[in-house]
Amino acid sequence: DVKVTQSSRYLVKRTGEKVFLECVQDMDHENMFWYRQDPGLGLRLIYFSYDVKMKEKGDIPEGYSVSREKKERFSLILESASTNQTSMYLCASSFRGRVRGQYFGPGTRLTVT
Amino acid sequence: ILNVEQSPQSLHVQEGDSTNFTCSFPSSNFYALHWYRWETAKSPEALFVMTLNGDEKKKGRISATLNTKEGYSYLYIKGSQPEDSATYLCAFWDTGNQFYFGTGTSLTVIP
């Protein structure tokens with residue numbers, strides 16, 4: 001079974017803190033993705049990566065950065081957390097290409113106070 | 001940002017009813033269409049990946065069709081069961097390697 005794990009299920013941070021969300025997959029997938037999910041807005045892509053050290057901006061990259069130093073790990077960084085970044089964050093991975101389904105992690109519910 | 005629309009936004013059906021919903025996407029620059037099921041408190045799970053006009057895919061009581069010329073895909077559930085209750089998401093991939101999720105159809109099957 002493909003496993004995508006995220007470092008925390010729930011996280012509470014203060015405004016201005018630097019926040020790291022970690023995602024690890026164990027299936028040697030080339031592609032990794034970070035999404036946020038907000039009520040009524042569906043899944044919105046923040047960043048994705050097709051390979052180690054490679055990243056592409058998604059729809060809403062502002063206020064976020066990412067790091068992919070190893071194939072299995074993709075980190076999302078909130079440089080200075082703000083209350084409008086309170087959301088559910090989902091990581092996903094897939095094999096290379098556009099015809100392979102994505103496998104999702106359990107999500108991290110981040111609250112910024 | 002491209003427009004990927006799903007309708008209806010939510011749906012309540014009785015157990016045993018068959019149902020269907022729609023994903024609409026731009027008909028130009030089509031590459032692939034994905035369907036996912038997202039049950040409450042779980043992660044989204046891939047159902048189908050469709051690439052060719054006229055494609056039909058089936059998994060148990062769930063099936064999907066694809067019309068790339070007019071830009072839509074239908075998801076059908078035959079004989080709905082309570083365990084089918086979930087949000088169903090589609091994701092459109094274009095030829096430029098960009099992709100976009102729809103906002104989903106929330107299905108509730110009433111026992």
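Keeping their order, the protein sequence lines are chains A and B.
Using our numbering, the letters of the first sequence map in sequence onto residues 1 to 113.
Using our numbering, the letters of the second sequence map in sequence onto residues 1 to 111.
Beta carbons: idealized from backbone N, C-alpha and C, even for Gly.
Keep in mind that this is a model prediction, so the values were computed, not measured.
- Item | Bridge partners - TYR35 (chain A), DSSP secondary structure assignment | Your numbering for residue 35 (chain A) matches position 35 in the first sequence. The partner list for TYR35 (chain A) (beta bridge, DSSP) reads A:LEU45, A:LEU90.
- Taking the beta strand (DSSP E) that HIS12 (chain B) falls in, what are its first and last residues? Translated into positions along the second sequence, residue 12 (chain B) becomes position 12. Per DSSP, HIS12 (chain B) belongs to the beta strand (DSSP E) from 10-14.
- Within 7 angstroms of chain A by C-beta, residues of the segment 33-64 of chain B in sequence order: Within the segment 33-64 of chain B, the qualifying residues are HIS34, SER43, PRO44, ALA46, VAL49, THR51.
- Message: By DSSP's criteria, GLN6 (chain A) is part of a beta bridge. Which residues make up the other side?
- Response: Counting from one through the first sequence, the residue named residue 6 (chain A) turns up at place 6. According to DSSP, which records beta bridges pairwise, GLN6 (chain A) is partnered with A:CYS23.
- Where does GLN85 (chain A) sit, in a helix, a strand or coil, going by DSSP? As a working note, residue 85 (chain A) is residue 85 in the first sequence. Here GLN85 (chain A) sits in helix by DSSP.
- Query: beta strand (DSSP E) containing LEU78 (chain A): first to last residue?
  - Reply: Indexing the first sequence from 1 puts residue 78 (chain A) at position 78. Note, LEU78 (chain A): beta strand (DSSP E), 73-78.
- Message: Taking only three categories from DSSP, how would you classify GLU30 (chain A)?
- Response: For this step, residue 30 (chain A) is matched to residue 30 along the first sequence. In the structure shown, GLU30 (chain A) falls within a coil segment according to DSSP collapsed to helix, strand and coil.
- Message: With a threshold of 8 angstroms on Cβ separation, who are the neighbours of ILE60 (chain A) within its own chain once the five nearest residues in sequence on each side are excluded?
- Response: Taking the first sequence and counting its residues from 1, one reaches residue 60 (chain A) at position 60. Within the same chain, Cβ atoms closer than 8 angstroms to the Cβ of ILE60 (chain A) are found at ARG36, ARG44, LEU45, ILE46, the five residues on either side in sequence being excluded.
- Interface residues of chain B around PHE104 (chain A) at Cβ under 7 angstroms? Counting from one through the first sequence, the residue named residue 104 (chain A) turns up at place 104. Here the neighbours are SER43, PRO44.
- Return the bridge partner residues of ILE62 (chain B) from the DSSP annotation. Position 62 of the second sequence holds residue 62 (chain B). DSSP lists B:LYS59, B:ILE77 as partners of ILE62 (chain B).
- Task: Mind listing the chain B neighbours of LEU76 (chain A)? Cutoff is C-beta to C-beta under 8 angstroms, in chain order.
- Result: The residue labelled residue 76 (chain A) in the question sits at position 76 within the first sequence. None at all; the shortest Cβ gap to chain B is about 16 angstroms.
- In chain order, what residues of the same chain have a beta carbon less than 6 angstroms from the beta carbon of GLY16 (chain A), not counting five sequence neighbours either side? If you number the first sequence from 1, residue 16 (chain A) lands on position 16. For GLY16 (chain A), where only same-chain residues beyond five positions count, the Cβ hits under 6 angstroms are SER80.
- Task: Please determine, among B:LYS59, B:LEU107, B:ALA91, B:GLY104, the residue with the shortest C-alpha to C-alpha distance to TYR31 (chain B).
- Result: As a working note, residue 31 (chain B) is residue 31 in the second sequence. Checked all of B:LYS59, B:LEU107, B:ALA91, B:GLY104; the closest Cα to TYR31 (chain B) is B:ALA91.
- If you follow the beta strand (DSSP E) that ALA91 (chain B) is part of, which residue opens it and which one closes it? Taking the first residue of the second sequence as 1, we reach residue 91 (chain B) at position 91. Segment 86-94, the beta strand (DSSP E) holding ALA91 (chain B).
- The beta strand (DSSP E) enclosing ARG37 (chain B), as first and last residue numbers: Residue numbering aside, residue 37 (chain B) sits at position 37 when the second sequence is read from its first letter. Note, ARG37 (chain B): beta strand (DSSP E), 30-38.
- Query: Count the other CB atoms within 10 Å of the CB of PRO44 (chain B); is the residue buried (16 or more) or exposed (fewer)?
  - Reply: Mapped onto the second sequence, residue 44 (chain B) falls at position 44. It counts as buried.
- Spatial distance of GLU39 (chain B) from GLY96 (chain B) (CA atoms): Here residue 39 (chain B) is taken as the residue at index 39 of the second sequence, counted from 1. Here residue 96 (chain B) is taken as the residue at index 96 of the second sequence, counted from 1. So the two alpha carbons sit approximately 30 angstroms from each other.
- Task: Could you tell me if GLY71 (chain B) is buried or exposed, where buried requires 16 or more neighbouring beta carbons within 10 angstroms of its beta carbon?
- Result: In the second sequence, counting from the first residue as 1, residue 71 (chain B) sits at position 71. Buried.
- Query: How about GLN102 (chain A) and HIS34 (chain B): do their beta carbons lie closer than 9 angstroms?
  - Reply: In the first sequence, residue 102 (chain A) corresponds to position 102, counting from 1. In the second sequence, residue 34 (chain B) corresponds to position 34, counting from 1. Yes, the pair counts as a contact, with Cβ atoms nearer than the cut-off.
- Would DSSP call GLU69 (chain A) helix, strand or coil? One-based indexing of the first sequence puts residue 69 (chain A) at position 69. The answer is strand: DSSP assigns GLU69 (chain A) an E or B state.
- Task: Since I believe GLY102 (chain B) is in contact with GLN9 (chain B) (beta carbons under 8 angstroms), could you give me their beta-carbon distance rounded to a whole number of angstroms?
- Result: Start at 1 with the first residue of the second sequence, and residue 9 (chain B) comes out as number 9. Start at 1 with the first residue of the second sequence, and residue 102 (chain B) comes out as number 102. Their Cβ separation, rounded to whole angstroms, is 10 angstroms, which puts GLN9 (chain B) and GLY102 (chain B) out of contact at 8 angstroms.
- Cβ contact (3+ pairs, closer than 8 angstroms) linking the segment 14-29 of chain A and the segment 65-81 of chain A: With the cut-off at 8 angstroms, the segment 14-29 of chain A and the segment 65-81 of chain A touch.
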